[in-house]
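Trainee:
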Amino acid sequence: MPFDIDIALTRGTARIEARFAVPGGLTALFGTSGAGKTSVLGAIAGLITPERGSIRVNDEVLFDHSARIDLKPERRACGYVFQDSRLFPHRTVRDNLLYGWRRAPTQRRWMALEEACEFLGIGHLLARMPRTLSGGEMQRVAIGRALLSGPRFLLMDEPLSSLDEDRRGGIMHVIERIRDELELPILYVSHDHREVDRLADHIVQMGPEGCTVRPGPAQGRKAGPDLTPSDAPLALRARLRSVHPTPTSA
Amino acid sequence: MNRFGRWLAAFTLTLGLVANAGIAHAAGPLVLAAASLRESMTAAADAWAAKGHEHPVVSFAASSALARQIEADAPADIFVSADEEWMNYLQQRKLIKPATRKSFLANDIVLIAPANSPVKLAIRKGFPLARTLGDGRLAMGDPNAVPAGRYGKQALENLGVWDSVAAKVAAAQNVRVALAFVDRGETPLGIVYATDAKQDKGVRVVSVFPRSSHTPVTYPIALVAKSTNRDAEAFRKFLISKDGKAIFARYGFGAL
Amino acid sequence: MSTILSALPGLSGEEWQVVALSLKVSTVAIVLDLPLAFALAWLLARGRFPGKVLLDAIVHLPLVLPPVVTGWMLLLGFGSQGPFGKILNDLFGLTLIFRWTGAALAAAIMALPLMVRAIRLSLDGVDRRLENAARTLGAGAWGTFATITLPLALPGVMAAIVLGFARSIGEFGATITFASNIPGETQTLPLAIYTALQIPGSESQVTRLALISVALSLAALVISEVLTRRSGQGKAGHAI
Numbered sequence: 032m033p034f035d036i037d038i039a040l041t042r043g044t045a046r047i048e049a050r051f052a053v054p055g056g057l058t059a060l061f062g063t064s065g066a067g068k069t070s071v072l073g074a075i076a077g078l079i080t081p082e083r084g085s086i087r088v089n090d091e092v093l094f095d096h097s098a099r100i101d102l103k104p105e106r107r108a109c110g111y112v113f114q115d116s117r118l119f120p121h122r123t124v125r126d127n128l129l130y131g132w133r134r135a136p137t138q139r140r141w142m143a144l145e146e147a148c149e150f151l152g153i154g155h156l157l158a159r160m161p162r163t164l165s166g167g168e169m170q171r172v173a174i175g176r177a178l179l180s181g182p183r184f185l186l187m188d189e190p191l192s193s194l195d196e197d198r199r200g201g202i203m204h205v206i207e208r209i210r211d212e213l214e215l216p217i218l219y220v221s222h223d224h225r226e227v228d229r230l231a232d233h234i235v236q237m238g239p240e241g242c243t244v245r246p247g248p249a250q251g252r253k254a255g256p257d258l259t260p261s262d263a264p265l266a267l268r269a270r271l272r273s274v275h276p277t278p279t280s281a
Numbered sequence: 034m035n036r037f038g039r040w041l042a043a044f045t046l047t048l049g050l051v052a053n054a055g056i057a058h059a060a061g062p063l064v065l066a067a068a069s070l071r072e073s074m075t076a077a078a079d080a081w082a083a084k085g086h087e088h089p090v091v092s093f094a095a096s097s098a099l100a101r102q103i104e105a106d107a108p109a110d111i112f113v114s115a116d117e118e119w120m121n122y123l124q125q126r127k128l129i130k131p132a133t134r135k136s137f138l139a140n141d142i143v144l145i146a147p148a149n150s151p152v153k154l155a156i157r158k159g160f161p162l163a164r165t166l167g168d169g170r171l172a173m174g175d176p177n178a179v180p181a182g183r184y185g186k187q188a189l190e191n192l193g194v195w196d197s198v199a200a201k202v203a204a205a206q207n208v209r210v211a212l213a214f215v216d217r218g219e220t221p222l223g224i225v226y227a228t229d230a231k232q233d234k235g236v237r238v239v240s241v242f243p244r245s246s247h248t249p250v251t252y253p254i255a256l257v258a259k260s261t262n263r264d265a266e267a268f269r270k271f272l273i274s275k276d277g278k279a280i281f282a283r284y285g286f287g288a289l
Numbered sequence: 022m023s024t025i026l027s028a029l030p031g032l033s034g035e036e037w038q039v040v041a042l043s044l045k046v047s048t049v050a051i052v053l054d055l056p057l058a059f060a061l062a063w064l065l066a067r068g069r070f071p072g073k074v075l076l077d078a079i080v081h082l083p084l085v086l087p088p089v090v091t092g093w094m095l096l097l098g099f100g101s102q103g104p105f106g107k108i109l110n111d112l113f114g115l116t117l118i119f120r121w122t123g124a125a126l127a128a129a130i131m132a133l134p135l136m137v138r139a140i141r142l143s144l145d146g147v148d149r150r151l152e153n154a155a156r157t158l159g160a161g162a163w164g165t166f167a168t169i170t171l172p173l174a175l176p177g178v179m180a181a182i183v184l185g186f187a188r189s190i191g192e193f194g195a196t197i198t199f200a201s202n203i204p205g206e207t208q209t210l211p212l213a214i215y216t217a218l219q220i221p222g223s224e225s226q227v228t229r230l231a232l233i234s235v236a237l238s239l240a241a242l243v244i245s246e247v248l249t250r251r252s253g254q255g256k257a258g259h260a261i
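First to last, the protein sequences are chains A, B and C. If you're matching positions, the first sequence starts at 32 in this note's numbering and goes up one per residue. If you're matching positions, the second sequence starts at 34 in this note's numbering and goes up one per residue. If you're matching positions, the third sequence starts at 22 in this note's numbering and goes up one per residue.
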């Protein structure tokens, strides 16, 4: 199972419990604001320590309270795309993109800078400073930065919410390509039905009574004849597979 | 902007120009007195108040600082200086009432050592002060600034030893700090007023400077020119009276 | 720097010596303070431990105590007869009292709270979420500190240096009480001004020294304001 989550944590006065297991593709974490969606992403990334439970991704244990396993964030190989791109303001776009790449072990780098630039169409931005970018450009760079860090899965926290309508389509297309061409597991937080309808293979509904998993509207579209990935993404996907093999159970 | 304001204020305060301008309007006279008079003047003010008068307000600082405060229009009534020079300074600027000026107290300057020090030294022409100090320093009030330091420097010059110790002086901002340097054993010797040495159990007097070696240490008193307090003159008369001087004598001051 | 200062019109050799000593004392004080101030600011900004309020108060003591009291406590603690003074002398042969090193210590202690405050403010201004982003990108705690926190806090650190320097240049009470007023050894600008003030008719010298003092402090404060403002803009930049 790419995502096998069973955790409880307290943020402020709110008690957050999340328990779900989903098979892969893009999983939307859906729920009202304040349900603790972002906290769950934080716990998976290792930025928040749950009070109990366990976190498994691709059958690797990232956190297990009873076994006292708690991998540090930098050891979890997760690509986190934040709601507010969180580009480093004192570094160029190029240095932002390469920040995680430089720190990743060589054998884990399944994407090169040129590939990321082409995939996201950001090659012309490399010398710029983040504050000079538009919202859409920032989010593309943030996604590129996450991909270049050699992740085995992506966490995306409302990556479209700070964008205007025109730019959303472009980023949404990028996310679809990551999902379909790279087949990188994605946990995607949103409270927008339209996004979920277009993107999600599975939907985890978070609510006071707990989590329920149901198939998403996008499931099955992969068989569609209109999708013929070009050679370049296929090579990328092959490299990604060799770096982060998909567990047989998936 | 706020930070600039604070810095400017701190700077002004450092110059000491406005230090006591705020405490003006108690009914008793405002007395600005040299720091070395702290205990004795306080006792004298208490005695005056005990006679049924309004209690004088006394502010103690270096004579120089007090003189500059008066020059800066501090609303003072009486000035008691630890030397004649600063009184002259005010008189030249017509800031005191010359007819009320009177030198009424005398003091000695003495060479002191920590109470447990075995040092023996007699003060005379060319006495081996530098050799006795060795690597140690000579604590005294700033010889350029503090009256006690100036008297000490003058005495050492007249005794022909100043040049050999000038580089060894630890110049303190007032006599009390010089006293503390010796009390704490930070310097083997120091020069202070006899009245200061008398109050500190941590030091002992090694030798008294002969009065012929320096300008007599006298304390002049005068009314400030702009004084309006009606008790001021009466308090001044009390201080220079026999009764008044007797109070100061208890603290080691000589009468004039 | 030295050529500019020595070229100042009307500055005598002795006055030049005073300015040079002031700069030396303040520089050493700041170099001494910087690592300590940063560590303290870090503890106060990020640390969670019992007694934090107390540490905060102790750090700020020199800011609210009369400087003479600070000088007095230095005399008791770091004089050659004081407990710390004895240790420093036995271990390193370092004497502080009546030495320029003592003036530097006094200046360092008086400047410390201002520096801690400035650095702490800049650390508080660093967006923790950027640090979290760095962690998810593979940077360890130290790597994150070196590549994200420190560069973003740098304008505040620069401001702290300048502010601390200005405070050191102006330090008087603790210095004269602890290190005393020794020309060429501990007589810094404010002490020289004080000394000149004691001599009737020395007004022109006082004015000259005071102007230098004002110029140095003003320059430092302007630099500090500019740096602070620049760091403020940096923050606005990534808040969007």
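C-beta atoms are modelled at their ideal positions from N, C-alpha and C, and glycine is treated no differently.
Using the Cα positions of residue 272(B) and residue 77(B), report the straight-line distance between them to the nearest angstrom.
Mentor: Sequence index remark: in the second sequence, residue 272(B) carries index 239 (1-based). Sequence index remark: in the second sequence, residue 77(B) carries index 44 (1-based). Their backbone Cα atoms lie some 7 Å apart in a straight line.
Trainee: Work out the CA separation of residue 195(A) and residue 182(A) for me, nearest whole Å.
Mentor: Reading the first sequence from its first residue, position 151 is the one you call residue 182(A). Reading the first sequence from its first residue, position 164 is the one you call residue 195(A). If you take the alpha carbons of residue 182(A) and residue 195(A), they lie about 28 Å apart.
Trainee: What are the boundary residues of the beta strand (DSSP E) that residue 113(B) is part of?
Mentor: Numbered from 1 along the second sequence, position 80 holds the residue referred to as residue 113(B). Taken as a continuous stretch (DSSP letters only), the beta strand (DSSP E) holding residue 113(B) covers 111-113.
Trainee: Enumerate in chain order the residues of its own chain whose CB-to-CB distance from residue 99(B) is below 6 Å, with the five nearest sequence positions on each side excluded.
Mentor: In the second sequence, counting from the first residue as 1, residue 99(B) sits at position 66. Answer for residue 99(B): 65, listed in chain order.
Trainee: Check the DSSP bridge columns for residue 12(A) and list the partner residues they point to.
Mentor: In this structure chain A extends from 32 to 281, so residue 12(A) is not present and cannot be described.
Trainee: Check this for me: beta carbons of residue 38(A) and residue 74(A), under 8 Å apart or not?
Mentor: As a first step, residue 38(A) must be located in the first sequence, where it is residue number 7. As a first step, residue 74(A) must be located in the first sequence, where it is residue number 43. Cβ distance < 8 Å, so residue 38(A) and residue 74(A) count as in contact.
Trainee: Quick one: list the residues of chain A neighbouring residue 160(C), beta-carbon separation under 7 Å, in chain order.
Mentor: Position 139 of the third sequence, counted from the start, is the residue given in the question as residue 160(C). Within 7 Å Cβ-Cβ: 105, 134.
Trainee: If we count the other Cβ atoms within 10 Å of its Cβ and call it buried at 16 or more, is residue 274(B) buried or exposed?
Mentor: As a first step, residue 274(B) is located in the second sequence; it is residue number 241 there, counting from the start. It is exposed - the Cβ of residue 274(B) has fewer than 16 other Cβ atoms within 10 Å.
Trainee: Give me the chain C residues within the contact set of residue 170(B), using Cβ-Cβ distance strictly less than 7 Å, ordered along the chain.
Mentor: The residue labelled residue 170(B) in the question sits at position 137 within the second sequence. What residue 170(B) touches in chain C: 119.
Trainee: Applying the 10 Å Cβ sphere with the 16-neighbour rule, what's the burial state of residue 87(A)?
Mentor: If you number the first sequence from 1, residue 87(A) lands on position 56. Residue 87(A) comes out buried.
Trainee: Measuring CA to CA, which of 71(C), 76(C), 72(C) is closest to residue 61(C)?
Mentor: As a first step, residue 61(C) must be located in the third sequence, where it is residue number 40. Among 71(C), 76(C), 72(C), the Cα nearest to that of residue 61(C) is on 76(C).
Trainee: Report yes if the CB atom of residue 113(B) is closer than 8 Å to the CB atom of residue 252(B), and no otherwise.
Mentor: Mapped onto the second sequence, residue 113(B) falls at position 80. Mapped onto the second sequence, residue 252(B) falls at position 219. Yes. Within cutoff.
Trainee: Applying the 10 Å Cβ sphere with the 16-neighbour rule, what's the burial state of residue 104(B)?
Mentor: Taking the second sequence and counting its residues from 1, one reaches residue 104(B) at position 71. Exposed, since its Cβ has fewer than 16 Cβ neighbours within 10 Å.
Trainee: May I ask you to list the residues that DSSP assigns as paired with residue 95(A)?
Mentor: Here residue 95(A) refers to the residue found at position 64 of the first sequence. Answer is 85(A), 100(A).
Trainee: For chain B, is any of its Cβ atoms less than 8 Å away from the one on residue 203(C)?
Mentor: What you label residue 203(C) is simply residue 182 of the third sequence in a count that begins at 1. Output row for residue 203(C): interface = yes.
Trainee: Using a Cβ-Cβ distance under 8 Å, would residue 170(A) count as near chain C?
Mentor: The residue given as residue 170(A) occupies position 139 in the first sequence. No, residue 170(A) lies away from the interface with chain C (no Cβ there is under 8 Å from its Cβ).
Trainee: So residue 240(B) and residue 154(B) are in contact, right, with Cβ under 8 Å, and what is the actual spacing, rounded?
Mentor: Working through the second sequence from its first residue, we reach residue 240(B) at position 207. Working through the second sequence from its first residue, we reach residue 154(B) at position 121. Confirmed, about 6 Å.
Trainee: Answer with yes or no whether the minimum CB distance from residue 134(C) to chain B is below 8 Å.
Mentor: As a working note, residue 134(C) is residue 113 in the third sequence. False, the Cβ-Cβ gap to chain B never drops below 8 Å.
Trainee: Residue 172(C) touches chain A at which residues, Cβ-Cβ below 7 Å?
Mentor: Here residue 172(C) corresponds to residue number 151 of the third sequence, with the count starting at 1. Ordered by position in chain A, the residues that pass the 7 Å Cβ test against residue 172(C) are 121.
Trainee: From this set, 86(B), 72(B), 157(B), which residue's C-alpha is nearest residue 245(B)'s C-alpha?
Mentor: The sequence position of residue 245(B) within the second sequence is 212, counting from 1. When only C-alpha atoms are compared, the closest one is 157(B).
Trainee: In the structure shown, what three-state DSSP assignment does residue 247(C) receive?
Mentor: Numbered from its first residue, the third sequence carries residue 247(C) at position 226. Three-state result, residue 247(C): helix.
Trainee: Distance cutoff 8 Å, beta carbons only. Does residue 122(B) sit that close to anything in chain C?
Mentor: Sequence index remark: in the second sequence, residue 122(B) carries index 89 (1-based). Yes, residue 122(B) counts as interfacial toward chain C.
Trainee: Just how far apart, CA to CA, sit residue 145(B) and residue 230(B)?
Mentor: On the second sequence, residue 145(B) is found 112 positions in, with the first residue counted as 1. On the second sequence, residue 230(B) is found 197 positions in, with the first residue counted as 1. For residue 145(B) and residue 230(B), the distance between alpha carbons rounds to 7 Å.
Trainee: Compare the C-alpha of residue 274(A) against each of 48(A), 122(A), 141(A), 228(A) and name the closest.
Mentor: If you number the first sequence from 1, residue 274(A) lands on position 243. When only C-alpha atoms are compared, the closest one is 141(A).
Trainee: Mapping the DSSP letters down to three states, classify residue 71(B) as helix, strand or coil.
Mentor: Locating residue 71(B) in the second sequence gives position 38, where the first residue counts as 1. Helix at residue 71(B).
Trainee: Using the C-alpha atoms, what's the distance from residue 140(B) back to residue 281(B)?
Mentor: The residue given as residue 281(B) occupies position 248 in the second sequence. The residue given as residue 140(B) occupies position 107 in the second sequence. Cα-Cα distance, rounded: 11 Å.
Trainee: So that I know if they touch, is there some Cβ in chain C lying closer than 8 Å to that of residue 22(A)?
Mentor: The displayed coordinates of chain A run from 32 to 281. Any statement about residue 22(A) would go beyond what the structure contains.
Trainee: Once the 5 residues before and after residue 2(B) are set aside, which same chain residues still bring their CB inside 8 Å of it?
Mentor: Here chain B comprises residues numbered 34 to 289, so residue 2(B) is not present and cannot be evaluated.
Trainee: Look at the alpha carbon of residue 211(C) and the alpha carbon of residue 181(B), and state the distance between them as a whole number of angstroms.
Mentor: Numbered from 1 along the third sequence, position 190 holds the residue referred to as residue 211(C). Numbered from 1 along the second sequence, position 148 holds the residue referred to as residue 181(B). Spanning the two alpha carbons is a distance of roughly 21 Å.
Trainee: By DSSP, does residue 83(C) sit in helix, in strand, or in coil?
Mentor: Taking the first residue of the third sequence as 1, we reach residue 83(C) at position 62. In the structure shown, residue 83(C) sits in a helix (DSSP, three-state: H, G or I).
Trainee: Keeping to the same chain, check which residues put their C-beta closer than 7 Å to that of residue 246(C); ignore five residues upstream and five downstream.
Mentor: For the purposes of this step, residue 246(C) is taken as residue 225 along the third sequence, with counting starting at 1. Excluding positions up to five away in sequence, the list is empty.
Trainee: Near residue 159(A), which residues of its chain fall below 8 Å by C-beta distance, leaving aside the five closest residues on each side in sequence?
Mentor: Counted from its first residue, the first sequence places residue 159(A) at position 128. Same-chain partners within the cutoff: 123, 124.
Trainee: Run through DSSP, which three-state label would residue 94(C) get?
Mentor: As a working mapping, residue 94(C) is identified with position 73 in the third sequence. Residue 94(C): helix per DSSP, three-state reduction.
Trainee: Name the chain A residues that come within less than 7 Å of residue 248(C), Cβ to Cβ?
Mentor: Mapped onto the third sequence, residue 248(C) falls at position 227. Those within 7 Å of residue 248(C) in chain A number zero; the least Cβ separation is about 15 Å.
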